Structure formats: C-alpha cells, structure tokens
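Some notes on the structure that comes next.
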Amino acid sequence: MGVGIAVAVFGLLSGLILSSRTLTREIRPPPEISVRQIGDQLMNKFILPLEVVGLLLTAALIGAVIIAMHEKEGK
Numbered sequence: 000m001g002v003g004i005a006v007a008v009f010g011l012l013s014g015l016i017l018s019s020r021t022l023t024r025e026i027r028p029p030p031e032i033s034v035r036q037i038g039d040q041l042m043n044k045f046i047l048p049l050e051v052v053g054l055l056l057t058a059a060l061i062g063a064v065i066i067a068m069h070e071k072e073g074k
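Just so we're aligned: the sequence shown equals residues 0 to 74 in numbering that gives the first Met the number 0.
As structure tokens, this is what we get:
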C-alpha cells in the first residue's frame, strides 16, 4: 500500500513539474556589463550610498573590537 501511494505521489509530482511553464520559458541572455561600468556607477551615481555603507561597516568593526576588548578584560 505504501509503495502504491509513493508511486502515485511521484507520478503526480512528475506530471506537475513537466507541465510547468518554467520549463518552456525562453532564457534571456545575461546583460553585458563590465566591472568598469559597475565601478563608474559606484563612483558617480551611487557615491552617497557607497559612503554610507563604508561608514556603517567602519562603525560595526569598531563596535566588534570594543565588545571583544570588554570580553577579554572580564576573564
């Protein structure tokens, strides 16, 4: 009985997967973008968010060092 149920579930899932629209969808080519273009965008258009992320990461690093120093003194 268990084998019959397993075969039925496998057949149902296989049928659903094979009839899915994702298998017949056309694959688009990836956009042609270079590292230079990404760098130019970061240094021109997105300079403020880049600076903010840099400050946030610096603050997180300083916080981690402070926490590590407090744990070392407590031992």
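Here a beta-carbon is modelled for each residue, glycine too, at the ideal position from N, C-alpha and C. This one's a predicted model, so the numbers in the text were calculated from it and none came from an experiment.
To the nearest angstrom, how far is the alpha carbon of residue 24 from that of residue 18? Taken atom to atom, the span from the alpha-carbon of residue 24 to that of residue 18 is near 12 Å.
Taking the alpha helix (DSSP H) that residue 42 belongs to, which residues open and close that run? Here the alpha helix (DSSP H) through residue 42 covers 34-43.
Measure the C-alpha to C-alpha separation of residue 66 and residue 52 and round it to an integer number of angstroms. If I take the Cα positions, the gap works out to 21 Å.
According to DSSP, is residue 26 helix, strand or coil? Here residue 26 sits in coil by DSSP.
Is the beta carbon of residue 41 less than 7 Å from the beta carbon of residue 49? A contact, by the Cβ cut-off of 7 Å.
Residue 13, enclosing alpha helix (DSSP H) - first and last residue: 1-17 is the extent of the alpha helix (DSSP H) around residue 13.
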